[in-house]
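> Chains as they are written, first to last, in the working numbering: chain E, 1 to 481; chain B, 1001 to 1112.
I have a structure I would like to understand better, so I am pasting it below and will then ask my questions one at a time.
Okay, here's the thing in structure tokens:
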């Protein structure tokens, strides 16, 4: 039965690709790089969309419509989106992006490609061993995410999954991952270990793929290979908390950030705004921390990128497109919170007065600071390394793209500051809470940090080359809208 | 890079035999009261009921810490009654019916 999982993932990928196509991201003469980025985004987008449709079906129409009927609905959705894609397919060609057509050093490219290949093989091997040892993932995976999926899979008892009797399993947590796992169970007809394990691998592989392909479009192949290697190191390390929702959250955060960078770099890439909105919607549908990320994302966009020139008409329509992409998953998440989810225990018991406790804030700050300098992937202190690289290399980007990178830097800082504030008011024993979760939360922003630094610093092998031309003439060419 | 493998393995590829037995005996939509002693009280090792809940879902496992359970609260019961004899003793005391013994776990239900 598990063989049906593959067609199910292919349908999700089809839905995702058709969404991107329908938004105008795949013109008729799209180049290989455009297709590669769309392909990397297709599964994350498709998984997010089908998690919503699966959830809505599970809680409403399941008594009347069997699984086979639901799958038919997904295929119809994919076909409809494909028709929309084909009808509005722009005819513009996609010229070769800046930096890709003339690599300066073939041996560097070869070395980078081999390194990424080796890291990829090591990741898949580690995932196989981790899956064999803990098929249902680590603690939170089986106690929260896969548990909720098992409840959702049951037609008779899905409401048990939101019972206050199991408040310890956080029934208020959002459902992108449980709904997707339950969809996998439905496809296979049983709560198989393969559904969450395969999903976990997809998310792990999508992080380096999306980050690297975004950087490739912005800065060329060498920075893209460095991005892929660093992200592979991060996702490798994340296997200590296998099948949690943290890496899906990291993916959607980085994906939204990447799309916003690309959209700013190339003002005629209008189709990226609704897709960035969709990714931002996936944040709140994946984890409660997604709300922090969404607020930081919108606030920094408005503050850094919009406030200096608020009245421009394209800016307003871009914002509207972002909001339209955001809306579906935002509405479903709010609906879930209102109709099904019990109150969040952290919010209900938060120690608000502790926000004014210097000792507590100092403890949180010390712990977060220690994470910043602690050895991470490859036993290296990743953050100081990235900071040093950026200082040495300097920020080399088009003037028009500078606010978007600054907004991303501020966004990451805001998210970490908000996490610090949440730790300060936690009703749980603070030291225990920090030790059991802070590193995991820190890894949610690492792929975005890597993206930001590599996008800002550019290609070190082009050190003497002039700065990339302004947005309208560089990335704009590579990403027709 | 260090090997990031999990240190524990709470779930196997296939359910443990006693869990497969309990899954068979308990209806999927059952709400099940958990106990850990032949007298019906609950005293579990840390984390055990989390794992049991994960393994027995979609059945809802409820716990009442401290003292003896109110056996009228639900229809289904799962616990360590000390084997079939203990289960029979507990059933007679609380007007329950022993349903099945799954390894160390006794399954009982309220008398019709």
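Just so you know, even glycine gets a beta-carbon here, dropped at the ideal spot from N, CA and C.
Can you tell which of 322(E), 418(E), 105(E) and 198(E) has the C-alpha that lies nearest to the C-alpha of residue 355(E)?
In the first chain, counting from the first residue as 1, residue 355(E) sits at position 355. Nearest option by C-alpha distance: 418(E).
> Which residues, taken in chain order from the stretch 141-160 of chain E, show a beta carbon closer than 8 Å to some beta carbon of chain B?
Listed in sequence order: 142, 143, 146, 147, 150, 151, 153, 154, 156, 157, 158 and 160.
> Starting from residue 231(E), trace the alpha helix (DSSP H) both ways and give me its first and last residue.
For the purposes of this step, residue 231(E) is taken as the residue at position 231 of the first chain. Residue 231(E) -> alpha helix (DSSP H) spans 221-237.
> Given that residue 1023(B) touches chain E, what residues does it touch there, using C-beta distances under 9 Å?
In the second chain, the residue the question calls residue 1023(B) occupies position 23. Result: empty, since nearest Cβ-Cβ is about 10 Å, beyond 9 Å.
> Counting only beta-carbon atoms, is residue 357(E) nearer than 8 Å to chain B?
Indexing the first chain from 1 puts residue 357(E) at position 357. Output row for residue 357(E): interface = no.
> Relative to the alpha-carbon of residue 321(E), which residue among 342(E), 459(E) and 281(E) has its alpha-carbon at the smallest distance?
Translated into the one-based positions of the first chain, residue 321(E) becomes position 321. The option with the nearest alpha carbon to residue 321(E) is 281(E).
> Nearest CA to the CA of residue 161(E): which residue from 1025(B), 1018(B), 1029(B) and 1019(B)?
Looking up residue 161(E) in the first chain gives position 161. Residue 1029(B) is the option with its Cα nearest to residue 161(E).
> Relative to chain B, which residues along the stretch 50-77 of chain E have a C-beta separation below 9 Å, given in chain order?
Of all residues in the stretch 50-77 of chain E, none has a Cβ within less than 9 Å of some Cβ in chain B.
> Can you find a C-beta in chain E that's less than 8 Å from the C-beta of residue 1033(B)?
For the purposes of this step, residue 1033(B) is taken as the residue at position 33 of the second chain. Not an interface residue.
> Between the stretch 210-230 of chain E and the stretch 252-272 of chain E, are three or more C-beta pairs nearer than 8 Å?
Flag = yes, the stretch 210-230 of chain E and the stretch 252-272 of chain E touch.
> Between which two residues does the alpha helix (DSSP H) harbouring residue 1089(B) extend?
Counted from its first residue, the second chain places residue 1089(B) at position 89. Where residue 1089(B) is concerned, the enclosing alpha helix (DSSP H) stretches over 1083-1094.
> Tell me whether the beta-carbon of residue 228(E) lies closer than 8 Å to the beta-carbon of residue 256(E).
In the first chain, the residue the question calls residue 228(E) occupies position 228. In the first chain, the residue the question calls residue 256(E) occupies position 256. No, they are not a contact pair.
> For the stretch 160-184 of chain E, which residues have a CB atom closer than 8 Å to at least one CB atom of chain C, in sequence order?
Absent from the structure is chain C; the protein chains it does hold are E and B.
> Using 8 Å for Cβ pairs, my map puts residue 45(E) next to residue 16(E). What's the rounded Cβ distance?
For this step, residue 45(E) is matched to residue 45 along the first chain. For this step, residue 16(E) is matched to residue 16 along the first chain. Confirmed, Cβ separation roughly 4 Å.
> Anyone know if the C-beta pair for residue 363(E) and residue 188(E) falls short of 8 Å?
Here residue 363(E) refers to the residue found at position 363 of the first chain. Here residue 188(E) refers to the residue found at position 188 of the first chain. Cβ atoms of residue 363(E) and residue 188(E): not closer than 8 Å.
> For residue 1098(B), name the three-state secondary structure that DSSP assigns.
Counted from its first residue, the second chain places residue 1098(B) at position 98. In the structure shown, residue 1098(B) sits in a strand (DSSP, three-state: E or B).
> Where DSSP assigns a beta bridge to residue 1079(B), which residues make up the other side?
For the purposes of this step, residue 1079(B) is taken as the residue at position 79 of the second chain. Answer by DSSP bridge pairing, in chain order: 1035(B) and 1106(B).
> At least one CB of chain E closer than 8 Å to the CB of residue 1101(B): is that the case?
Translated into positions along the second chain, residue 1101(B) becomes position 101. No - not a single Cβ of chain E is within 8 Å of the one on residue 1101(B).
> Counting only beta-carbon atoms, is residue 1060(B) nearer than 8 Å to chain E?
As a working note, residue 1060(B) is residue 60 in the second chain. Chain E, which has a Cβ nearer than 8 Å to the Cβ of residue 1060(B), makes this yes.
> So which of 301(E), 183(E), 396(E) and 455(E) has the shortest CA-CA distance to residue 7(E)?
The residue labelled residue 7(E) in the question sits at position 7 within the first chain. Per the Cα distances, 183(E).
> Any idea which residues DSSP pairs residue 1016(B) with across the strands?
As a first step, residue 1016(B) must be located in the second chain, where it is residue number 16. None, per the DSSP bridge assignment.
> Return the Cβ separation of residue 1057(B) and residue 151(E) in integer angstroms, given the expectation that the two are a contact with Cβ distance under 8 Å.
Counted from its first residue, the second chain places residue 1057(B) at position 57. Counted from its first residue, the first chain places residue 151(E) at position 151. About 6 Å; that satisfies the 8 Å criterion.
> Since residue 1038(B) meets chain E, which of its residues come closer than 7 Å, beta carbon to beta carbon?
Position 38 of the second chain, counted from the first residue, corresponds to residue 1038(B). In chain order: nothing, as chain E lies at least about 24 Å away.
> Excluding five sequence neighbours on each side, which residues of the same chain lie with their C-beta closer than 6 Å to the C-beta of residue 285(E)?
Against the first chain, residue 285(E) aligns to sequence position 285. Here the set comprises 174, 176, 329 and 333.
> So with Cβ pairs under 8 Å, would you call residue 1017(B) a contact of chain E?
On the second chain, position 17 is the one that residue 1017(B) refers to. Not closer than 8 Å to any Cβ of chain E, the Cβ of residue 1017(B) fails to qualify, so no.
> Using a Cβ-Cβ cut-off of 6 Å (strictly less than) and excluding sequence neighbours within five positions of residue 1020(B), which residues of its own chain qualify?
Translated into the one-based positions of the second chain, residue 1020(B) becomes position 20. Here the set comprises nothing.
> Compute the distance between the beta-carbons of residue 246(E) and residue 366(E), then report whether it is under 8 Å.
As a first step, residue 246(E) is located in the first chain; it is residue number 246 there, counting from the start. As a first step, residue 366(E) is located in the first chain; it is residue number 366 there, counting from the start. Not a contact, by the Cβ cut-off of 8 Å.
> Closer than 7 Å by beta-carbon distance: list the chain E residues that pair up with residue 1087(B), in chain order.
Within the second chain, numbered from 1, the residue matching residue 1087(B) stands at position 87. Within 7 Å Cβ-Cβ: nothing; residue 1087(B) doesn't reach chain E, min ~24 Å.
> Where residue 1095(B) and residue 1110(B) are concerned, what is the direct C-alpha to C-alpha distance, given to the nearest angstrom?
In the second chain, residue 1095(B) corresponds to position 95, counting from 1. In the second chain, residue 1110(B) corresponds to position 110, counting from 1. Distance between the alpha carbons of residue 1095(B) and residue 1110(B) is about 7 Å.
> Does the beta carbon of residue 1020(B) sit closer than 8 Å to a beta carbon anywhere in chain E?
As a position in the second chain, residue 1020(B) is number 20, starting the count at 1. By this cut-off, residue 1020(B) is not an interface position.
> Identify the continuous alpha helix (DSSP H) that holds residue 275(E) and give its terminal residues.
On the first chain, residue 275(E) is found 275 positions in, with the first residue counted as 1. Where residue 275(E) is concerned, the enclosing alpha helix (DSSP H) stretches over 272-286.
> Count the other CB atoms within 10 Å of the CB of residue 235(E); is the residue buried (16 or more) or exposed (fewer)?
In the first chain, the residue the question calls residue 235(E) occupies position 235. Classification of residue 235(E): buried, given that the 10 Å Cβ count is 16 or more.
> Can a CB atom of chain E be found closer than 8 Å to the CB of residue 1112(B)?
To locate residue 1112(B), count along the second chain from 1; it is residue 112. Cβ-Cβ to chain E under 8 Å: no for residue 1112(B).
> Once DSSP output is grouped into helix, strand and coil, what is the label at residue 1064(B)?
The residue given as residue 1064(B) occupies position 64 in the second chain. Of the three classes helix, strand and coil, the one that applies to residue 1064(B) here is coil, per DSSP.
> For residue 47(E) and residue 450(E), I'd like the C-alpha separation in whole angstroms.
Your numbering for residue 47(E) matches position 47 in the first chain. Your numbering for residue 450(E) matches position 450 in the first chain. Distance between the alpha carbons of residue 47(E) and residue 450(E) is about 24 Å.
> Whose Cβ in chain E lies nearer than 7 Å to the Cβ of residue 1028(B)?
Mapped onto the second chain, residue 1028(B) falls at position 28. Within chain E, the residues near residue 1028(B) are 154, 156 and 157.
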